[in-house]
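Taking it in order: structure first as structure tokens, then the write-up.
Residue numbers (my numbering): 3 to 188.
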């Protein structure tokens, strides 16, 4: 997780929060900022796709912390281990980020009023695709095996995911279609 493409800081969670704040300012203005009388929505579609890819990259940068190790450059004459587990707090912070920014459906990014101009895909389908992709990465075999030898255990991961995926159980509210889709995917 220290060597990620386009990662400029020492905390991908903090950087991704800032990035998403910027995307939340950009996405609602895509049509207005790209409006040209008589023009189609091709450029808006391209920019929207770029915003979605950026969002997915932020998610991927954060997932990289979970069940992972830092690689330390060491030589024979140096003390210390070449690999060390990402601290438990950083991994838990990554799961909290996912709960907050992905598993609480990012409707600001899948706004039906925006995507209706250039896509037949529904907002709920977009959100499900993003959430499924993240869940697939979280539960890939290598990551799960790494959690066996990690201070942040598989049980910790599941315990930390539960409040984000089953929010309605804790708040005693009814699940909307986005929450039901996420729970089914999980």
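We put the beta carbon where it would ideally sit given N, CA and C, even for glycine.
Quantities reported herein were computed from a predicted structural model and do not represent experimental measurements.
Would you mind reading off the limits of the beta strand (DSSP E) that contains residue 72? 71-73
Tell me, please, which residues DSSP counts as bridged to residue 2. Past the boundaries of the shown model lies residue 2; the chain is included only from 3 to 188, so the question cannot be answered.
Are three or more beta carbon pairs between the stretch 160-179 and the stretch 82-92 nearer than 8 Å? no
Inter-residue CB distance, residue 21 and residue 60 (contact presumed, cutoff 8 Å): 5 Å
Is the stretch 35-42 in contact with the stretch 61-73, if contact means three or more CB pairs nearer than 8 Å? no
Would you mind sorting residue 150 into buried or exposed? The rule is 16 or more other CB atoms within 10 Å of its CB. exposed
Residue 16, enclosing alpha helix (DSSP H) - first and last residue: 14-28
Within a Cβ cutoff of 6 Å, which residues of the same chain sit near residue 47, ignoring the five residues on either side of it in sequence? 120
Mind the definition here: the stretch 122-135 touches the stretch 98-111 only if three or more C-beta pairs lie below 8 Å; say whether that holds. yes
Can you tell me the Cα-Cα spacing of residue 26 and residue 113, whole angstroms? 11 Å
Member of 142, 128, 152 whose CA lies at the smallest distance from the CA of residue 179: 128
Backbone secondary structure at residue 112 - three-state DSSP: coil
So, using beta-carbon positions, are residue 154 and residue 56 closer together than 7 Å? no
According to the Cβ coordinates, are residue 29 and residue 53 closer than 7 Å? yes
Give me the Cα-Cα distance between residue 13 and residue 95, rounded to the nearest whole angstrom. 10 Å
Nearest-angstrom Cα separation, counted from residue 44 out to residue 116: 13 Å
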